[in-house]
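**Q**
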Amino acid sequence: MVPLQHHQLYYNNNINININNTVTTCTWGGGRGGGFGLGYSNLHNVILYPGQGFACHQIHHHTPPLAKHSVSALHERRKSIPDSNSNSLCRLLIPRGRTRRSCLWASPKFKSCGWDMESSSPDHAANNNKKPRNNPNLITTSDHLRHVESMATMPSGAGNISHLNAIILGESLASEENDLVFPSDHFSLQAHVSSPQQYLEMYKRSIEDPAGFWSDIASTFFWKQKWSKPVYSENLDIRKGDIRIEWFKGGLTNICYNCLDTNVEAGLGDKIAFYWEGNDLGVDATLTYTQLLHNVCQLANYLKDVGVKKGDAVVVYLPMLMELPITMLACARIGAVHSVVFAGFSAESLAQRIVDCKPKVVITCNAVKRGSKVIHLKDIVDAALIKSSESGVSVDICLTYENQSAMKRESTKWLEGRDVCWQDVIPKYPTTCAVEWVDAEDPLFLLYTSGSTGKPKGVLHTTGGYMVYAATTFKYAFDYKSSDIYWCTADCGWITGHSYVTYGPLLNGATAVLYEGAPNYPDPGRCWDVVDKYKVSIFYTAPTLVRSLMRDSDEYVTRYSRKSLRVLGSVGEPINPSAWRWFFNVVGDSKCPISDTWWQTETGGFMITPLPGAWPQKPGSATFPFFGVQAVIVDEKGVEIEGECSGYLCVKSSWPGAFRTLYGDHERYETTYFKPFPGYYFSGDGCSRDKDGYHWLTGRVDDVINVSGHRIGTAEVESALVSHPQCAEAAVVGVEHEFGDEIPAGNWVGLSGCWVGEWLYKISKKNFHKIMTEGEQQISQSLEISEYLCCYGPPSPSSSLSPPFIFSSSMTDSFAAMGSQVKGQGIYAFVTLVEGVPYSEELRKSLILAVRKQIGPFAAPDKIHWAPGLPKTRSGKIMRRILRKIASRQLDELGDTSTLAEPNVVDQLIALADV
1 MVPLQHHQLY
11 YNNNINININ
21 NTVTTCTWGG
31 GRGGGFGLGY
41 SNLHNVILYP
51 GQGFACHQIH
61 HHTPPLAKHS
71 VSALHERRKS
81 IPDSNSNSLC
91 RLLIPRGRTR
101 RSCLWASPKF
111 KSCGWDMESS
121 SPDHAANNNK
131 KPRNNPNLIT
141 TSDHLRHVES
151 MATMPSGAGN
161 ISHLNAIILG
171 ESLASEENDL
181 VFPSDHFSLQ
191 AHVSSPQQYL
201 EMYKRSIEDP
211 AGFWSDIAST
221 FFWKQKWSKP
231 VYSENLDIRK
241 GDIRIEWFKG
251 GLTNICYNCL
261 DTNVEAGLGD
271 KIAFYWEGND
281 LGVDATLTYT
291 QLLHNVCQLA
301 NYLKDVGVKK
311 GDAVVVYLPM
321 LMELPITMLA
331 CARIGAVHSV
341 VFAGFSAESL
351 AQRIVDCKPK
361 VVITCNAVKR
371 GSKVIHLKDI
381 VDAALIKSSE
391 SGVSVDICLT
401 YENQSAMKRE
411 STKWLEGRDV
421 CWQDVIPKYP
431 TTCAVEWVDA
441 EDPLFLLYTS
451 GSTGKPKGVL
461 HTTGGYMVYA
471 ATTFKYAFDY
481 KSSDIYWCTA
491 DCGWITGHSY
501 VTYGPLLNGA
511 TAVLYEGAPN
521 YPDPGRCWDV
531 VDKYKVSIFY
541 TAPTLVRSLM
551 RDSDEYVTRY
561 SRKSLRVLGS
571 VGEPINPSAW
581 RWFFNVVGDS
591 KCPISDTWWQ
601 TETGGFMITP
611 LPGAWPQKPG
621 SATFPFFGVQ
631 AVIVDEKGVE
641 IEGECSGYLC
651 VKSSWPGAFR
661 TLYGDHERYE
671 TTYFKPFPGY
681 YFSGDGCSRD
691 KDGYHWLTGR
701 VDDVINVSGH
711 RIGTAEVESA
721 LVSHPQCAEA
731 AVVGVEHEFG
741 DEIPAGNWVG
751 LSGCWVGEWL
761 YKISKKNFHK
771 IMTEGEQQIS
781 QSLEISEYLC
791 CYGPPSPSSS
801 LSPPFIFSSS
811 MTDSFAAMGS
821 QVKGQGIYAF
831 VTLVEGVPYS
841 EELRKSLILA
851 VRKQIGPFAA
861 PDKIHWAPGL
871 PKTRSGKIMR
881 RILRKIASRQ
891 LDELGDTSTL
901 AEPNVVDQLI
911 ALADV
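Under UniProt numbering, the residues of the sequence shown are numbered 1 to 915, in order.
Structural data, given as structure tokens:
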């Protein structure tokens, strides 16, 4: 045994202890009267004997005499953070002599809390609901249905909330966390999937017989030549060779033909394919399926005439005009690979993409109006083409559409010999064009994901599997009917615009709305004006837009009928429960189910999503995996976690819509997505699964902030802030804390095991050998102090919580000094208030307290930065890169802000930095 030294505090002493015949390695730190931290979910009781030795007892079904009050539930940890899925506490009983003992607490399952325990016992693994980690043959499980079979019984909850009154703006309904939203009997009876049992039957077949399941669906499309056997081939385990995914290989088809020709031949030629709503009120247009086919063929013929052939790349830099999906379909018709670049990216970003894929043609328009602002797209393209030429990639043709509502041709700059006006050439070409039949595994499109640094990743999707998957997910996730009018607010510059504006709807013969302008122009009621105008029945948008509209008066919503709506959808990021409820109660009048979809550019289509009519929904949960998707949650070592848990979201086994590679960089493809957890596709997202099997996305793992050893998802802090009735929107980033070399000595108490353990772990990272010398730590009122600290954290000036005892000023000062040095990262929150609410110090404290109450003191923001608006792209995506630079005061590294919907927001945020 290793004795504890008086008057000293050490860290990182490794010893082996026999715990009920389980050899356990413990990393410990302690001192006379000090605290201990541990991170072990099954360790319910620990008894420490300082001075003479060290002993540790693990209790499962009995309680020893010295630990009669061993388990407490004073502090509930949020379950949606990887590595922290337990919500009980461990009390540490430290005997001190014959009559005195200190009582400290530790929160289980904190990987970073001073104790780091690894077990070699299979019994331990079983008790922790995991397979033994030392058996490489048991990395995966064959029971693929274990987390969806809970649908066989009704999930727990408080009952139907579909008739709740509209909630107060931003009000937290935390007491209704387990409430269920049931579909009406009328809705379910008409739904494609009408019950949990039907879903289970279909899902079971899709997992146990994926070849048969997807072959049956694929057979409903047109194939010039059917695929060969096997239906799919895959290797997702990098240890077994190159990563490979193939579906329907050998089958010849064309996605444009399936989108247009088959629908016209089926008698839908006169059906509206697209309603187009311009930026300005009263500006609109329509295209039937026949008209769309003619327009596509004319452009396809032009592209062939200028030398574009199968496999060539075409870069598309267009706003949400009908010419954008026309261009995508024209490329697909002749086998060209389109690469749509969001018409909000800078010239530098556009040039990067041009250099990477080396297109034969760039297609753009002269300008576009967003709200009252005119954006000169042709000027951006001109600058990009100069930059790409300097990098050795020249483009001979720039086809430019004259968008007369934004800019006349006479005001547009033209380069002789390169620039061609769309209206001058395209109408001259025939309205029929032969189809280029392509293999299912031939490339369809490239879509670049930007990232904050480094070279953009060119996600490559192929034809056959993507076609089948996009069409099928659209049909079931929205419960699409032929009478529906569908509107997705996304831009075709993103994957949502590819799968669920262009291809998914058209493959189902749907009528879709395209909108050119800003969602709040000329006022925040524009979306609902469009809904009423076109009788939209399915409305699919992003949580950022929902929260933005929440900020304004409900009157902007309720003054419109919206009676046509029957299904709502959410995409892009996790939607917090308060925004979900506002969307459901106010926009949907408590009658429209919400398809809260989780998926990615890389997945091609929905992966986890509600099926309207099939099962009850929980506000904020993406619910269950789509057909053929084997979603698993793993720990940091890649071991699948069973039951209620939190961890990293992965997928095992392929699905038809999966991307096949990163263009020109297959090694990066393997390293980024398949190397972290061999045998799985790693999504990069965190996820929780509740006791009913419902999935809760917690945001990107790289959007996790490490605070005092806790891994906190920015999404959950944002959700807690938005739950405050006066907060309309929030964005959270992490900022670095510097460690000091020494903790100020003074009259401070031994903190709770949870807090001290995290402190020890963080300090140990700085390689301090001896943390504290001199001065004996005095334990006073140890039980009360420990319980208070574990529940509420150390006292601070901003806290309105009054402990049941008095902290001396020196103790408080030491807490503050210590806390600022050991946190590692701090939480920096940008907060937009409800319209008309003034900034105040009281409100700042109230917001912090809301986070402390909902999540815990460790998640309390260090800084509340008032934000009249947030820097967003024109599609509504928050540019966190810019927020991080502002928070870190790296103002000379803000980069290009011209792509923002409101660039002046950045200046406003900088001006309010010290308010």
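Ideal Cβ placement from N, Cα and C applies to all residues, glycine included.
#1: Can you check DSSP and say which residues form a bridge with W866?
#2: Given D484, which residues of its chain have a CB within under 6 Å of its CB, disregarding the five upstream and five downstream residues?
#3: Identify every residue that forms a DSSP beta bridge with T462.
#4: If I'm right that Y828 touches P861 with Cβ under 8 Å, what's the distance once you round it to whole angstroms?
#5: Under DSSP, the beta strand (DSSP E) around C527 begins and ends at which residues?
#6: Using DSSP with H/G/I as helix, E/B as strand and the rest coil, what is A434?
#7: Look at the alpha carbon of K373 and the alpha carbon of G525, and state the distance between them as a whole number of angstroms.
#8: Taking V717 and V701 to be in contact with their CB atoms under 8 Å, please state how far apart those CB atoms are, rounded to whole angstroms.
#9: Please confirm whether V393 and V438 have their CB atoms less than 9 Å apart.
#10: Looking at Y556 and E277, is the spacing between their C-beta atoms short of 9 Å?
#11: If I follow the unbroken beta strand (DSSP E) through N235, where does it start and stop?
#12: Which whole-angstrom value is the C-beta distance of I238 and E670, which I expect to be below 8 Å?
#13: Any idea what DSSP makes of I207, helix, strand or coil?
#14: Identify whether T661 lies in helix, strand or coil by the three-state DSSP scheme.
#15: Using 10 angstroms around the beta-carbon of E640, count the other beta-carbons present and answer buried if the total reaches 16, otherwise exposed.
#16: Excluding the 5 residues preceding and the 5 following G250 in the sequence, name in chain order all residues of the same chain whose CB lies nearer than 6 Å to its CB.
#17: Run through DSSP, which three-state label would T489 get?
#18: Taking 9 Å as the cut-off, decide whether the C-beta atoms of C365 and W414 are in contact.
#19: Find the nearest neighbour of residue 919 within the set W599, H666, D554, judged by alpha-carbon distance.
#20: Any idea which residues DSSP pairs Y515 with across the strands?
#21: So, is the C-beta of N520 closer than 9 Å to a C-beta in chain C?
#22: Can you look up P619 in the DSSP assignment and give me helix, strand or coil?
#23: Starting from the Cα of D703, find the closest Cα among M550, R881, Q854, A911 and give me that residue.
#24: Just list the residues that DSSP pairs D596 with in beta bridges.
#25: Return the chain-ordered list of same chain residues with a C-beta closer than 8 Å to the C-beta of K652, the five sequence neighbours on each side being excluded.
#26: Tell me R370's beta-bridge partners as DSSP assigns them.
#27: Return the bridge partner residues of L399 from the DSSP annotation.
#28: Any idea which residues DSSP pairs I712 with across the strands?
#29: Rounding to the nearest angstrom, what Cα-Cα distance links Q190 and T220 in this structure?
#30: Can you give me the Cβ contacts of T262 inside the same chain, cut-off strictly under 6 Å, excluding the 5 residues immediately before and after it?
#31: Between which two residues does the beta strand (DSSP E) holding H666 run?
#32: Applying the 10 Å Cβ sphere with the 16-neighbour rule, what's the burial state of G865?
#33: Taking just the CA atoms, how far does A901 sit from L697?
#34: When DSSP labels each residue in this structure, what does F54 get in the three-state scheme?
#35: I'd like to check one pair, A859 with T832: are the Cβ atoms closer than 9 Å?
#36: Determine the contact status of residue 981 and E234, defining contact as a CB-CB distance below 9 Å.
**A** Working from what's here:
#1: V831
#2: S537, I538
#3: P443
#4: 7 Å
#5: Not the beta strand (DSSP E): C527 falls in the alpha helix (DSSP H), residues 526-534.
#6: coil
#7: 19 Å
#8: Not quite, the Cβ-Cβ distance comes to about 15 Å (not below 8 Å), so this is no contact.
#9: no
#10: no
#11: 232-235
#12: 6 Å
#13: In this structure, I207 counts as helix in the three-state DSSP scheme.
#14: T661 carries a strand assignment under DSSP once its states are collapsed to helix, strand and coil.
#15: buried
#16: W227, S228
#17: Taken through DSSP and simplified to helix, strand or coil, T489 comes out as coil.
#18: no
#19: Any answer about residue 919 is impossible in this case: the structure gives the chain only from 1 up to 915.
#20: In the DSSP output, where bridge partners are listed per residue, Y515 has E277.
#21: In the structure shown, chain C cannot be found, because there is only a single protein chain.
#22: coil
#23: R881
#24: S570
#25: Cβ neighbours of K652 beyond the five flanking positions: T140, L236, Q630, V632, G679, Y680, Y681.
#26: K373
#27: I363, V420
#28: I705
#29: 21 Å
#30: So the list reads F222, once near-sequence residues are dropped.
#31: From DSSP, H666 is part of no beta strand (DSSP E) but of the alpha helix (DSSP H) over 666-673.
#32: What sits at residue 865 in the sequence shown is His, not Gly. Burial state of H865 is buried, judged by a 10 Å Cβ sphere holding 16 or more other Cβ atoms.
#33: When rounded, the distance between both Cα atoms is 27 Å.
#34: Unreliable placement is indicated for F54, whose pLDDT of 25 sits below 50; the coordinate value is still reported in the next sentence. Note: F54 maps to coil in three-state DSSP.
#35: no
#36: Any answer about residue 981 is impossible in this case: the structure gives the chain only from 1 up to 915.
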